[in-house]
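**Student:** Be aware that the sequence shown starts at 126, since it is given in my numbering, and climbs by one per residue.
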Amino acid sequence: MFANCQLGGMDLGFPDVCKTPIPPIPYPNIAMGPLTIPICFNVLLMGLPQHNIMSSRPITFGDTPGIGLGLISWTVMARQQHVTGAFTHILRGTPATRVTSLGPTNLINCPLSVRIVPSQFKALLLCP
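1. So what's residue 148 in DSSP terms, helix, strand or just coil?
2. Measuring alpha carbon to alpha carbon, tell me which of 134, 212, 126, 143 ends up nearest residue 196.
3. List the residues that DSSP assigns as beta-bridge partners of residue 142.
4. Compare the beta carbon distance of residue 230 and residue 238 with 8 angstroms and say whether it is the shorter of the two.
5. Tell me whether the beta-carbon of residue 210 lies closer than 8 angstroms to the beta-carbon of residue 201.
6. Residue 222: buried (16+ other C-beta within 10 angstroms of its C-beta) or exposed?
7. Expressed to the nearest angstrom, what Euclidean distance is found between the alpha-carbon atoms of residue 133 and residue 140?
8. If you measure between the beta carbons of residue 253 and residue 213, is that distance less than 8 angstroms?
9. Roughly how many angstroms separate the alpha carbons of residue 161 and residue 149, rounded to a whole number?
10. Could you say which of 233, 171, 176 lies nearest to residue 203 if we only look at CA atoms?
11. In whole angstroms, what is the alpha-carbon distance linking residue 151 and residue 182?
12. My guess is that residue 185 and residue 155 are in contact by the Cβ rule of under 8 angstroms, so how many angstroms apart are they, rounded?
13. Thinking C-beta only, is residue 245 closer than 8 angstroms to residue 130?
Put into structure tokens, the structure is as follows:
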């Protein structure tokens, strides 16, 4: 799997159930890789910081029409952070993340999101 860095990438989570005027509706939730707050500034991939599990995306998109806020977390456009990664490749004390890394989006309102678009196409993390 390709390693994540600040260059690009996208996480997709579904369903993010938000309260709209009539019924609660599930929306897709998207987190963009370049908006990530990196933790590891001294390890660079293609000139930009590599991401680890402590790196978080402070804002997500896609659930904006849910004006009544999220059904569980009472938030929209909240943060996303990975909880899985390459547990044998450690960056600044925590595992590095890669394509297919999983994590909750919009706090806990969208329980599962996955990195589906790679940040770069040169470095692979094939370790478990």
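Note that beta-carbon positions come from the ideal geometry of N, C-alpha and C, so glycine has one too. Since the model is a prediction, treat every value here as computed from it, not as a measurement.
**Tutor:** According to the data block:
1. Here the question's residue 148 lines up with position 23 in the sequence shown. Secondary structure of residue 148 (DSSP, three-state): coil.
2. Taking the first residue of the sequence shown as 1, we reach residue 196 at position 71. For the residues 134, 212, 126, 143, the minimum Cα distance to residue 196 belongs to 143.
3. Walking along the sequence shown from the start, residue 142 turns up at place 17. Answer is 151, bridged to residue 142.
4. Residue mapping note: residue 230 aligns to position 105 of the sequence shown, counting from 1. Residue mapping note: residue 238 aligns to position 113 of the sequence shown, counting from 1. In contact: residue 230 and residue 238 (Cβ atoms closer than 8 angstroms).
5. Here residue 210 corresponds to residue number 85 of the sequence shown, with the count starting at 1. Here residue 201 corresponds to residue number 76 of the sequence shown, with the count starting at 1. For residue 210 and residue 201, no; Cβs fall outside 8 angstroms.
6. Reading the sequence shown from its first residue, position 97 is the one you call residue 222. Counting the other CB atoms within 10 Å of its CB gives residue 222 a total of 16 or more, which places it among the buried residues.
7. What you label residue 133 is simply residue 8 of the sequence shown in a count that begins at 1. What you label residue 140 is simply residue 15 of the sequence shown in a count that begins at 1. Taking the straight line joining both Cα atoms gives about 23 angstroms.
8. Walking along the sequence shown from the start, residue 253 turns up at place 128. Walking along the sequence shown from the start, residue 213 turns up at place 88. Result yes, Cβ atoms of residue 253 and residue 213 sit closer than 8 angstroms.
9. As a first step, residue 161 must be located in the sequence shown, where it is residue number 36. As a first step, residue 149 must be located in the sequence shown, where it is residue number 24. Rounded to whole angstroms, residue 161 to residue 149 spans 29 angstroms at the Cα level.
10. One-based indexing of the sequence shown puts residue 203 at position 78. Nearest option by C-alpha distance: 233.
11. Residue numbering aside, residue 151 sits at position 26 when the sequence shown is read from its first letter. Residue numbering aside, residue 182 sits at position 57 when the sequence shown is read from its first letter. If I take the Cα positions, the gap works out to 21 angstroms.
12. On the sequence shown, position 60 is the one that residue 185 refers to. On the sequence shown, position 30 is the one that residue 155 refers to. Correct: roughly 6 angstroms between the Cβ atoms.
13. In the sequence shown, counting from the first residue as 1, residue 130 sits at position 5. In the sequence shown, counting from the first residue as 1, residue 245 sits at position 120. In contact: residue 130 and residue 245 (Cβ atoms closer than 8 angstroms).
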